[in-house]
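Peer 1: Have a look at this one before I ask anything.
Residue numbers (UniProt numbering): 1 to 541.
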């Protein structure tokens, strides 16, 4: 009844108001704490043995910088952490915690999960649940819940810094020399602090093309997770994991989505699986425009007119969209840090810093995370590197960060988890004749009761999921690459990553008893090799 809905809505609004009041109180308390910390930084004692105000100043309050700061403080160092977020061209800003927490891993995984929940309604009907055919998403409620959770994480990080006696300074840092950094606060006031050692951990931001209208009209992954309303007809420009993940969850959330691809999907990942991901997304509602680039963006009424050119045919065209999301890669935001004044070498085109064991060419200045040249841009990598670095600098440890065999997952509609080498990398490194590649197409048990079709395509396809194990024959078939395409791919990959890092062989996989029925057990029963040409589609359970 209408009056019951009004009562529910009013109750919901009151609850949200209480949350807002509580959050405001937290922000006021945090502000007081930050002002106190900043004051402490301005008047910091210079009684340390080296004569500087701090043992360590970490520039950047993302996952890596926070981990590095806390670990150093726990080991007895006097530490300050600088963090400042420059608003996006669309005005989006966020709190402490960096990309992952605010505009990356966390909101991305939650929106991906929102899409999965919507798709599960189709399964639910086949399991006997009586649901309306047209289930609706309340975009504002989804975004509100996600942003509330992010806000709680922002507050938690501030508390963690305080509890570990790290001075948090909400200011933009710029090096004056190798031991001095100038901190500019939001109000324009400046304070200069000195330190024996510095760690650069400022991360990266999305790259904008040098095209008319790009900055004025387009958004990036920095903006999409806080949109106040659904993006409508959306163009995702690029074929990176960020582009495909975003296109995937927006399609699942019932948006009209197109992906514009210049060349290949998921460069740097296994291309056989990248093509399978693209095919699956296209069959399930995401439109792809291949070998095409945008040439201009212009405002037409309340739409964005995208002008484009096909690189193969030379044909040019245009199409209107409500939202254009650029996902053309990321650059390290180091160019305004004054690294030249400190003598630190860096690539002026990408902002990346070359380093050996996280140490730059300046002996007291280090770098971790996405600013590092030729390293994975992954949150757990930055965290681990930051903790190990602090342990070496202040704890007498010697263990170095191992950047090899790092697992990762792409959260496309069919998740893609991998660790080790792609098939292309393995062939280039060892030669095709020295490899054995085991494969299987499978269907998760959870999907097997759902026979629903949309536009002639099975909602739960029989052979969409895929397992691949790459082994090196001369070394007792040591596993050098594992790839899985399917539900919960990240959860499947994590445990196998430990085994592969320990040197597991194909025999180790074969002699391990699988857990039945699970998707992970596919890797304990792989029999079909690629070179055999035998049908790898799994029959039965």
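From the three backbone atoms N, C-alpha and C, an ideal C-beta is built for every residue, glycine too.
Starting from residue 105 and walking both ways along the alpha helix (DSSP H), at which residues does that stretch end?
Peer 2: Segment 105–126, the alpha helix (DSSP H) holding residue 105.
Peer 1: Whose CA, out of 122, 392 and 438, lies closest to the CA of residue 449?
Peer 2: Selected option, being the one with the closest Cα: 122.
Peer 1: Looking at the secondary structure, which residues open and close the beta strand (DSSP E) in which residue 403 lies?
Peer 2: First-last for residue 403: undefined, no H or E at that position.
Peer 1: Using a Cβ-Cβ cutoff of less than 6 Å, which residues in the same chain neighbour residue 338 once the five nearest sequence positions on both sides are dropped?
Peer 2: Cβ neighbours of residue 338 beyond the five flanking positions: 174 and 175.
Peer 1: Leaving out five residues before and five after residue 529 in sequence, what residues of the same chain have Cβ atoms less than 8 Å from its Cβ?
Peer 2: Hits under 8 Å: 436, 437, 438 and 439.
Peer 1: On the DSSP bridge list, what partners appear for residue 297?
Peer 2: Looking at the DSSP assignment, residue 297 forms a beta bridge with 306.
Peer 1: Hey, how far is the Cα of residue 67 from the Cα of residue 203?
Peer 2: Taking the straight line joining both Cα atoms gives about 14 Å.
Peer 1: Between which two residues does the beta strand (DSSP E) carrying residue 324 extend?
Peer 2: First-last of the beta strand (DSSP E) with residue 324: 323–326.
Peer 1: At what residues does the alpha helix (DSSP H) containing residue 210 begin and finish?
Peer 2: Element bounds for residue 210: n/a, residue is neither H nor E.
Peer 1: Let me know the alpha helix (DSSP H) ranges lying completely inside the stretch 356–397, each 4 residues or longer, listed in chain order.
Peer 2: Segments of the alpha helix (DSSP H) lying fully in the stretch 356–397: 379–395.
Peer 1: Answer with buried or exposed for residue 141, where buried requires no fewer than 16 other C-beta atoms within 10 angstroms of its C-beta.
Peer 2: It is exposed - the Cβ of residue 141 has fewer than 16 other Cβ atoms within 10 Å.
Peer 1: State yes or no: is the C-beta of residue 321 within less than 8 Å of the C-beta of residue 304?
Peer 2: It is a contact, given that the beta carbons lie within the stated cut-off.
Peer 1: So, residue 403 versus residue 538, is the Cβ gap smaller than 8 Å?
Peer 2: Not in contact: residue 403 and residue 538 (Cβ atoms no closer than 8 Å).
Peer 1: Among the candidates 306, 103 and 193, whose CA atom is the shortest distance from the CA of residue 171?
Peer 2: Comparing Cα positions, the closest option is 193.
Peer 1: Taking its Cβ as the centre, do 16 or more other Cβ atoms sit within 10 Å of residue 235, making it buried, or is it exposed?
Peer 2: Per the 10 Å Cβ criterion, buried.
Peer 1: Leaving out the 5 sequence neighbours to the left and right, which residues in its chain are closer than 8 Å to residue 262 when beta-carbon positions are compared?
Peer 2: The residues are 238, 239, 291, 292, 293 and 311.
Peer 1: Using DSSP bridges, identify the partner residues of residue 288.
Peer 2: DSSP output for residue 288 lists 259 as bridge partner(s).
Peer 1: Could you tell me which whole beta strand (DSSP E) segments of length 3 or greater appear in the stretch 448–479?
Peer 2: For the stretch 448–479, whole beta strand (DSSP E) runs of length 3 or above, ordered along the chain, are 465–472.
Peer 1: Nearest to residue 246 by CA position, among 86, 324 and 78, is which residue?
Peer 2: The candidate whose alpha carbon is nearest that of residue 246 is 324.
Peer 1: In the DSSP assignment, the alpha helix (DSSP H) including residue 144 goes from what residue to what residue?
Peer 2: Looking at the DSSP string, the run of the alpha helix (DSSP H) that includes residue 144 is 139–163.
Peer 1: Would you call residue 413 buried or exposed, if buried means 16 or more other Cβ atoms sit within 10 Å of its Cβ?
Peer 2: So residue 413 counts as buried.
Peer 1: Using the beta-carbon count (16 or more within 10 Å), is residue 300 buried or exposed?
Peer 2: Flag for residue 300 reads exposed.
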